[in-house]
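Residue numbers (our numbering): 3 to 210.
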């Protein structure tokens with residue numbers, strides 16, 4: 003399909019009018035980079051000021067694999083985390099998603115809809131010759147990974163048909179979740195060029 007005509011409206015949901023709070027200092031940020039069929043899963047903690055540099059380096063990666071930006075609130079696993087707590091300032095958040103070609107539907111599901119319930123969107127994009135060029139999806143569950151405290155667990159992913167590489171933004175993973183994700187990435191490395199491999203891993207983690 004072509005671009006969603008509601009994309010600007012989705013992004014407009016990133017406002018403080020609904021009580022959203024933008025405090026990057028309350029969040030920790032991590033990156034995971036992995037080339038398919040390799041043994042190395044690169045994880046790195048970065049500051050909010052380093053996010054744009056990481057985003058800018060992504061076009062240099064052309065082989066099948068994954069590139070993930072992860073955000074974890076400082077209260078994850080300690081106390082309830084409100085959905086109104088946002089990891090990045092609105093304009094920065096939107097620019098990161100645009101640069102990574104991530105689905106802006108995420109902002110609607112994250113900020114105002116699907117907050118206390120499950121939500122899912124999926125889109126496919128085609129070029130002028132009607133060949134598949136990109137897929138994107140958002141997964142939002144009503145309760146995060148914490149079994150004791152309310153938390154955020156939401157992911158936005160996009161797969162590029164030309165490189166067979168998946169990029170994503172994921173919120174709400176605890177240290178244990180992150181360790182499990184890296185294990186699955188390494189175990190499924192040969193298949194990570196497939197557009198549904200990473201979504202399958204995340205859904206497996208949610209449902210088990």
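Even glycine gets a Cβ: it sits at the ideal position worked out from N, Cα and C.
- 8 Å contact criterion, which residue 63 and residue 167 should meet: CB distance rounded: 6 Å
- Exposed or buried, residue 23, counting other C-beta atoms within 10 Å across all chains shown (16 or more means buried)? exposed
- Take the Cβ of residue 44 as the centre, count every other Cβ of all protein chains shown within 10 Å, and call the residue buried at 16 or more, exposed below. exposed
- Query: Given 8 Å as the limit, is there contact between the region 24-44 and the region 79-94, that is, 3 or more CB pairs closer than that?
  - Reply: yes
- Query: Considering only the beta carbon of each residue, do residue 173 and residue 155 sit closer than 8 Å?
  - Reply: Yes.
- Item | residue 158 CB to nearest heavy atom of the ligand GDP below 7 Å | Although the ligand GDP was asked about, the structure shown includes no ligands whatsoever.
- Distance, Cα to Cα, residue 207 vs residue 103? 24 Å
- Message: Using only CA atoms, which one of 138, 163, 31 and 84 lies nearest to residue 180?
- Response: If we check each option's Cα against that of residue 180, 31 comes out closest.
- Task: Could you tell me which residues DSSP puts in a beta bridge with residue 2?
- Result: Because the chain here runs from 3 to 210, residue 2 falls outside it and cannot be looked at.
- Task: Determine the DSSP secondary structure at residue 107, reduced to helix, strand or coil.
- Result: Three-state DSSP puts residue 107 in a helix.
- Task: Could you check the C-alpha separation between residue 198 and residue 112 for me, to the nearest Å?
- Result: Approximately 22 Å between the Cα atoms of the pair.
- Based on the DSSP output, what are the partners of residue 49 in its beta bridges? DSSP, once it has assigned bridges, lists no residue as partnering residue 49.
- Message: Output needed for residue 77: all residues of its chain with C-beta closer than 6 Å, excluding positions within five of it in sequence on either side, in chain order.
- Response: 83
- Since residue 98 contacts residue 122 with CB under 8 Å, what's their CB separation in whole angstroms? Contact flag wrong, Cβ pair sits at about 22 Å.
- Item | residue 160, buried or exposed, once every other Cβ within 10 Å from all chains shown has been counted against 16 | buried
- Simplified DSSP state of residue 123, which is helix, strand or coil: strand
- Message: By the three-class DSSP mapping on this structure, what secondary structure does residue 157 have?
- Response: strand
- Message: Rounding to the nearest angstrom, what Cα-Cα distance links residue 54 and residue 170 in this structure?
- Response: 14 Å
- What residues in its chain sit with their C-beta under 6 Å from that of residue 2, if we drop five residues either side in the sequence? Summary: the structure shown does not reach residue 2, with the chain confined to residues 3 through 210, and so no result is reported for it.
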